[in-house]
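A short worksheet on the structure shown next.
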Amino acid sequence: MARVVNTSLLSNIKRHGKGSALDVSACFNCGNCTAVCPLAEETAGFPRRVIRMAQVGMEPELLASEELWRCYACGECTRTCPRQADPAEFMAAARSYAISRYDFTGLAGLVNRSIFGNLLVFAVFSLVFELLLSAKMNPAGPQAPLFRFLPGWWIHDVGVGLFAVVGLSAAFGMISMFARFRAERVHHGSAPPLAALPGAVVSGVLDALLHTRFRQCDAAEQAAAPPTEPLVLRPWFVHVSVMGGFLAMLLATTLDYLLKPIGSPAPPWYPMRLLGAAGGLVCLYGLTVMLLRRIRAKEVPWRKSAFADWFFPSLLAATVLTGLATETAVYLPLGRIGHTIFFVHVVLAMDLIAMLPLTKFAHVLYRTLALVLYSWRRAPVAVTAADAEA
Ligand code: SF4
Ligand code: SF4
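What follows is the structure in structure tokens.
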């Protein structure tokens, strides 16, 4: 069957990177990047094959490729590219482009292509949440408990509506990626068996949670060159800190909601409170290292940053900081300052969730799915009697 090529594919991807700073068209397919990529051993041509897809306009293949998401942006390929084509940055820009194409609302394209679009979507979401939350705000005195000033049941109700909308949007994006992957495999006659999918789900989710492949990537780098930075500064450790800290905060909030009435008082040593605070500090540590590397802009892959590279970690850091300050305001008589911190924290937390399918936060969805698809693709295909005879 004839396939249509998208002649604008490469220029569209460039608009998701650092514009003219991304010059992957200089790539002449030498294969150096494939030779040095720590993750390329099982997939001949990774990342060169994905670059080639973009150069010749193979959009369906590129959007169906789980390889895009298995790249951990270590920058090894960029360091050794003889043409300064910056393959690591190309992979990052292609992921940003894919997020925009999987999203059916069109908002992800706006957020990822321009600073103005990103800030506009953020401002509109913030305004909506401010108005919604203000609707039930009590004109309480300055010493009123936080959950009397802003009722816990109302935060819960708005949150449930938000999760429903974001859940649908995220599910649509993941189904879109899955369907493209499946269609491509069927087209090439290499569709993995459906029976192998449950096992692949378990393996892919475990890989995402434990950062197995990211650690392999780091180990290969450390073996190639003497270690130059301590464990606590290595990219996979920093990434695990952000993800682990975030999951701890999510678990603490969920258990707090399930185990005690919303907004009821609890002592500072209450286990969920300690878990949330510890998770917040660990997450903040990872985010600080990430942002400082971008500010220093000394090494690949932090040398060049698009606005989207700053936006998500900054929004997450602001949410965690105001969350920790809110925890303090529960016990200290901060008056109206405490109320304001709490209000800002709830709005930022809702912004963070609302923008999950649109920002770099979406990596958590698509990278996990890609690891599932990768595991599924490698599942052994059952050989029928007819196949064996042929
Ligand atoms: S990106 Fe660079 S290293 Fe990779 S194939 Fe192209 S020119 Fe070679
Ligand atoms: S950035 Fe690292 S993981 Fe990604 S393609 Fe380049 S070498 Fe491979």
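Residue numbers (numbering that gives the first Met the number 0): 0 to 389.
Cβ coordinates follow ideal geometry from the N, Cα and C atoms, glycine included.
Query	Result
Residue 67 beta carbon less than 8 Å from that of residue 49	yes
Secondary structure, alpha helix (DSSP H): runs of 4+ residues fully inside the stretch 268 to 342	270 to 295, 306 to 330
Any heavy atom of ligand 2 nearer than 7 Å to the CB - residues listed	32, 35, 36, 37, 38, 39, 45, 46, 70, 71, 72, 73, 74, 75, 76, 77, 86, 87, 90, 216, 300
DSSP-derived helix/strand/coil call for residue 361	helix
Candidates 104, 319, 300, 379, of which the one nearest residue 279 by Cα	319
Close Cβ partners of residue 129 (< 7 Å) along its chain, the five nearest in sequence each way excluded	346
Stretch pair the stretch 111 to 122 + the stretch 67 to 77: three plus CB contacts closer than 8 Å	no
Near ligand 1: residue 391 beta-carbon under 7 Å from a heavy atom	In this structure the chain extends from 0 to 389, so residue 391 is not present and cannot be described.
Beta-carbon proximity of residue 26 to residue 82, cut-off 8 Å	yes
Unbroken alpha helix (DSSP H) run spanning residue 256, endpoints	234 to 258
Enclosing alpha helix (DSSP H) for residue 176 [first to last residue]	151 to 186
Check whether residue 416 and residue 358 have beta carbons under 8 Å apart	What is shown of the chain runs 0 to 389, which leaves residue 416 out entirely.
Alpha helix (DSSP H) runs contained entirely in the stretch 31 to 80, provided each spans 4 or more residues	31 to 35, 47 to 54, 58 to 62, 66 to 69, 75 to 79
Near ligand 1: residue 16 beta-carbon under 7 Å from a heavy atom	no
Cutoff 8 Å; reference residue 137; Cβ partners in own chain excluding five residues on either side	143, 147, 148, 149, 150
CA-to-CA distance, residue 16 to residue 213, given in whole angstroms	23 Å
Cβ contact (3+ pairs, closer than 8 Å) linking the stretch 253 to 269 and the stretch 200 to 219	no
Residue from 308, 324, 167, 285 with nearest C-alpha to residue 234	285
Among 122, 154, 165, nearest to residue 104 - alpha-carbon criterion	165
Of the residues 145, 312, 302, the one placed nearest residue 338, counting alpha carbons only	145
Simplified DSSP assignment, three categories, for residue 82	coil
Backbone CA spacing between residue 55 and residue 361 [nearest angstrom]	27 Å
heavy atom of ligand 1 below 7 Å from residue 282 C-beta	no
Same chain only: Cβ atoms within 7 Å of residue 155, ignoring 5 sequence neighbours per side	261
Residue 386, buried or exposed, once every other Cβ within 10 Å from all chains shown has been counted against 16	Only weak support exists for where residue 386 lies, its pLDDT of 48 falling under 50; the value from the coordinates is given anyway. Flag for residue 386 reads exposed.
Residue range of the alpha helix (DSSP H) that includes residue 131	114 to 133
Minimum C-alpha distance to residue 276 - residue among 325, 6, 355, 372	325
Collapsed DSSP secondary structure at residue 27 in the structure displayed	coil
Residue 30 beta carbon near ligand 1 (any heavy atom closer than 7 Å)	yes
Selection from 28, 61, 152, 297 that minimises the alpha carbon distance to residue 177	61
Classification of residue 7 by the beta-carbon crowding that lies within 10 angstroms, buried from 16 upward	exposed
Close beta carbons around residue 384, own chain, < 7 Å, minus the five adjacent residues each side	Low confidence applies here, because residue 384 scores a pLDDT of 48, under 50, leaving its location unreliable and the question unanswered by this model.
For residue 103, three-class secondary structure by DSSP	coil
Cα-Cα separation between residue 256 and residue 35, rounded to whole angstroms	48 Å
Alpha-carbon to alpha-carbon, residue 123 and residue 109	13 Å
Under the three-state DSSP convention, the category residue 108 falls into	helix
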